[in-house]
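Below you'll find the structure, written out as structure tokens, and then a few comments.
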Amino acid sequence: MNSPTQLATQIRFHLESIGENNAHHAFELLCLGLTRRRIVSNVIPATGPVSAGGDGGRDAESFWSIVARELPNTSLFTSLATEYAVVLAVTAQRENIPTKIKSDLAKIGGKGEPVDRVIYFTIRPVDTAKRHELQEHARSEYSMALDIWDAQAIANELASPDLFHLAVDFLHVPSSLAPEREESDDELPEWYREERDRWRSPSDLSGSMGEIVDLREGLRFSSLNPAARADLPDWLAAAHALRNAADGHPSVLNRVDYEIVIATGFGLNTLKPVDAILRGYFDRLASQPSDPGVLTDAITLLRLLQATLPGGGTTVTADEAEAWSAELERLLEAGLAAAAGSNAKAGLLAAAAILALGTPDVTLEELEEAAGPGPRLSDIHEKLSAAKREGRTLPAMPSDAELRDLEAGMRYLVDLVETLPEAPMVPLDDLMSIFDLTAPVLIDHPDFFKVRQALDNVTVQRSGQAAAGDRAQSRAMALLEGGRPVEALREIHSAKLNWLSGDTAEGAAIMMLLASAVYSDLGLPLAAKQYAMSAAMIAKSSGGPDLAVLMARGIILAATYEHQAGQWLTATQTFRIGIWAQAQLAGDPWSFERYPYFQAMLINQCLILRATAALRPALVPAIESVVKSTQLDQLVTPMLASVAHLDHPREDEIADTADRDGLGRPFSDAGPVREYTWGALGNVWIVTSPNDRAHVLAAERFVAAAQITLADLAGEDLLLTPGEIRVEVDVADQPVEPGSVFTPASGRSEGTLRHLVTLTRSGTGTAEAVQLEVASAALQVIVTQSLLGQRAFVDVMNRTYEHNLPNMLTCVRPYDELVDLHKDAFYDEICGLSDGLIGADKPRSPQPDARLRGKLPQHAAAYDHAMVLDAIAGRYETMRPPVRLTLQRLAKDQQFTEVMASLRAQGWKDWHLLLAVVNIVVNGRARRLGVNMNALTKDDMERVQGLLRAEERPDDPMPPADVFTEDVMWVHLANAAVATIRGWGLELRVRFEPRALLAVLGDRFNYWDDDVDHDPILSK
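Using the working numbering, you'd call the opening residue of the sequence shown number -17 and step up by one each time.
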């Protein structure tokens, strides 16, 4: 067997003989083949040989010779590689090669279209110095790049296994010299090589559909795989031969044209060679009936065309593409109107939905604004393929993307899912993929969940629960990529449930870890902790070695989320357990690169130690002893030493940082009372409980349930009044009666500001009863803060349960069983600590993640703009009389004028001022008449109404001007708003701070913007 060097030497010998045996044309074809496989894959011949003799008189050569006369003894080939014009020049001349190259460069650069690069082949060697001189000459004289392939370079490449057939075919090198193909993972599959060799052999073609099917796999493989792309010209040649044979058979022609266009676009990164085929394809669609499969193919070609237009990779115009899109819509509508059966209708509906849910047509203005050629189609395909192979997320459509026709697309989908029972076998894979990746745009449509559930049901029927889990995961990742984490959580839970039902433990565990990460990102650390420990429980229960490391990962992540919640002592203890699991279950357990979650918590542990040493030195021994017990001090000590020169943060700085980052206050687990704080949906939650094992487990069970529920409710318009929600959690040894689980603050002793939640002690009730109890407690706390009427809130709850809230609240095992890692002695130790909580005297204000607020309509459902304006006009008319004289007096009072100016600067309209003044004045008069304004009877109401209707008289008692302070005005405006709220069907369940209540009205009811034309209410 010859070595590569020996083989190259023999090939060079055969090259040298070309000039002697008049084999110019063979050399041209050899160079063309080499170019297509090594340099420019879409090169096309522009001339033929012009040498002594030759077969003059054949049409192709005659056409080529017209150009060849300009370059005697040289063959010229041109191509367009992406945006660059490339010319291929070949010479078999043996003498004066530099002079020959300069002569040809002058002719190439002096005529015809501008050229960016010349690739020059010669059978003679060209030394390095002369090569550089010629390349500089090409750059300076003609602004062209020059690549020179001399005999040695050509011979070295032809000695490669994938190009040796060129040496056999055109240089007549014996095939027995063929080099062995090196074994590698990248070797072309055997089936492909067999198909390639078979299609390279000439054969008679009939132009049948069977031949297309036979050709298609190899053609597509070559166009989509870089290792086989050098073969693409041969495949395309075979496809064109098949196309010629199919002439006169439109159905066959449509299929082969589709394959040629797809292969050309992805393989050559241009559509210009097939623009005529594209035009013919769409012309046939307009004039001949087509089945849904051909129409779906046409949509794919349109997508390819739209991707190619901005880069100038086609001569098809934007107007042509738009006309083809419109014609496709017409054909689909006509087909639907004439569909004879459910299967035909379902296929057409799927195609119509795919078209409507695509991107809009490219406009001329967009083409003019396009900057540069954009990414190559082959590169895009390779990135997508790599993502699929590696299990990474495919790019999803941004949530603000514009679709061709969203409403039409959803209408087609609704019709489709209603037709599916009669057409159970209609192909839906492509449509489902598009639906999942378009989810960020479709998610807010009212029919989204109906369509999603129907398509998932089809997936379960056809492919099982695990496949439905795959689809839910795709939607979840698309929604996360689109910035919709709240909606993604529902899909994550759906995937988790499908995988658990499909006995796919690894997929379920991964989804739980993803859920924990999303909850953490949203500032809901106890929900995150629950799902991290759920993943650890699945890994432990499965017993499989591949899942074992997930147990360690889940525990260490739980420690991370405890740190996020401010439970720094507990996080340190949990981290120790995670370290033990990591040491036993993970390979190379201390690798930061392999286990970034370990590195993240190690950094957190360093932060805990540093802050403790500076602010709570009494706690240092307890923490250091835990760290040393795992030998982590060997990693921690150098990390702390590296920052020893930096100033230690002050207590107020740490507290402020925790609030700004949405974290719990550090050391909130130290002392006799444990505290959990977080921000969500405009409220600050502060939950406390005694710091013993039973109470902490119950409190965390409640907090996790509340956080999961809040995330699921984020997309609902709950009309939550901003402010603090304080909850105290207690534990009962016996099952708690449903009516005793929640006691509002107003139902407790005078001056109590906290709601009371009483939960059954862990292990006392059934799992179902415990879940129902904690869900009820969380919802009852939330509803006290909501202005929604009872019926509206029940509707919200029904939707939430349709979204599977119960399965979100409990996963794998009850919360207490998942997280009960620490013994009573640990709780006894931290309960006895004092002076732990950092920033104990500062108000809690953890900032919620902005993404936790779901996308809401502009106004609340109860808001009616026309009715509100009528009501405002009525106020201007009916509320002046009872304060007519008071208004005149206040207009002259300097103190009130200043109050009025301040309120107006805060957004008050005249009708707000009027409402507040009327309430102050009329309430004062009513109290003088003996009316108890805190417990109005029916008679009292009538007396107050009479005062509101009576015109103010000079002898009526008038309150002093200093009564109308800014704070009093706010209180009375809020009191007046209560009647408005009830008139809208809303409920006020607890008393709220006036500005907080009015903030909801401003945000959801346009309270600070609505007004009508009116006469001034205050005039001197």
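Quick reminder that beta carbons are idealized off the backbone N, C-alpha and C, glycines included.
Bear in mind that the values here come from a model prediction, so they are computed numbers and not experimental data.
Have a look at the options and flag the residue whose alpha-carbon is nearest the alpha-carbon of residue i.
i, options, result
"SER516", "PRO527, ASP528 and GLU488", "GLU488"
"ALA676", "ASP699, ALA688 and PHE808", "PHE808"
"LEU614", "ALA300, TRP572, HIS114 and GLU719", "TRP572"
"VAL195", "ALA221, GLY721 and LEU929", "ALA221"
"GLY189", "ALA223, ASP651, GLU389 and GLN829", "ALA223"
"ALA328", "TYR394, ARG886, TYR579 and ARG76", "TYR394"
"LEU819", "PRO107, TYR658 and THR17", "TYR658"
"GLU400", "ASP387, ASN439 and ASP418", "ASN439"
"TRP660", "VAL709, GLY697 and VAL618", "VAL709"
"TYR513", "ALA334, ILE690 and ALA316", "ILE690"
"PHE724", "ALA693, ASP694 and LEU761", "LEU761"
"ARG182", "LYS920, LEU170, GLY192 and GLY200", "GLY200"
"LEU70", "ARG773, ARG18, ILE242 and ARG121", "ARG18"
"LEU800", "ILE537, ALA268, LEU145 and THR420", "ILE537"
"THR104", "ASP98, LEU14, ALA470 and GLU176", "LEU14"
"THR792", "MET583, ASP629, ALA510 and LEU929", "ALA510"
"LEU741", "HIS630, SER456, SER758 and THR612", "SER758"
"HIS841", "THR420, SER728 and TYR989", "TYR989"
"ASN138", "ILE83, GLU118, GLU95 and ARG20", "ARG20"
"PRO663", "GLY644, ARG261, ASP651 and THR670", "Per the sequence presented here, residue 663 reads as Leu, with Pro not at that position. That would be GLY644, whose Cα lies nearest to the Cα of LEU663."
So, with DSSP's three-state summary, where would you put residue i?
i, result
"GLY295", "coil"
"VAL69", "strand"
"PRO255", "helix"
"VAL765", "helix"
"VAL666", "strand"
"SER523", "helix"
"ASP997", "coil"
"GLU544", "helix"
"THR659", "strand"
"PRO672", "strand"
Return the first residue and the last residue of the alpha helix (DSSP H) that residue i is part of.
i, result
"ARG964", "948 to 965"
"THR740", "First-last for THR740: 737 to 742, but that is the beta strand (DSSP E), not the alpha helix (DSSP H)."
"SER1021", "A query on residue 1021 cannot be resolved here, the shown segment of the chain reaching from -17 to 1002 and no further."
"TRP890", "Segment: none, TRP890 is in no alpha helix (DSSP H) and carries neither H nor E."
Going by other Cβ atoms of all chains shown within 10 Å of its Cβ, with 16 needed for buried, is residue i buried or exposed?
i, result
"VAL945", "exposed"
"LYS891", "buried"
"ALA749", "exposed"
"ALA783", "The question names Ala, but residue 783 in the sequence shown is Tyr. With fewer than 16 other Cβ atoms within 10 Å, it is exposed."
"PRO467", "buried"
"GLN888", "exposed"
"LEU911", "exposed"
"ASP229", "exposed"
"THR299", "exposed"
"GLY465", "exposed"
"ASN226", "exposed"
"MET849", "exposed"
"GLY192", "exposed"
"PHE574", "exposed"
"ARG986", "buried"
"VAL243", "buried"
Note the first and the last residue of the continuous beta strand (DSSP E) segment covering residue i.
i, result
"SER205", "First-last for SER205: 191 to 206, but that is the alpha helix (DSSP H), not the beta strand (DSSP E)."
"ASP831", "Looking at the DSSP string, ASP831 is not in any beta strand (DSSP E), and its letter there is neither H nor E."
"VAL709", "705 to 714"
"ARG99", "99 to 104"
"ILE130", "127 to 131"
Relative to the ligand HEM, is the shortest distance from any of its heavy atoms to the C-beta of residue i smaller than 7 Å?
i, result
"PRO467", "As far as ligands go, the structure on display features none, and thus does not contain the ligand HEM."
Is the region 489 to 503 close to the region 474 to 481, with three or more CB pairs under 8 Å? yes
Would you check if the region 852 to 869 and the region 679 to 699 touch, i.e. whether three or more CB-CB distances between them fall below 8 Å? no
Within the chosen definition, does the region 828 to 837 reach the region 971 to 989 through at least 3 CB pairs nearer than 8 Å? No, the region 828 to 837 is not in contact with the region 971 to 989.
Can you confirm whether the region 558 to 575 touches the region 592 to 602 when touching is taken to mean that 3 or more C-beta pairs between the two stretches lie within less than 8 Å? no
Using a Cβ distance threshold of 8 Å, determine whether the region 979 to 991 contacts the region 910 to 928, with at least three qualifying pairs required. no
Say whether the region 377 to 385 touches the region 409 to 420, bearing in mind that this needs 3 or more beta-carbon pairs closer than 8 Å, one atom from each stretch. yes
Flag this pair as touching only if the region 633 to 651 and the region 823 to 832 have three or more C-beta atom pairs under 8 Å; answer yes or no. yes
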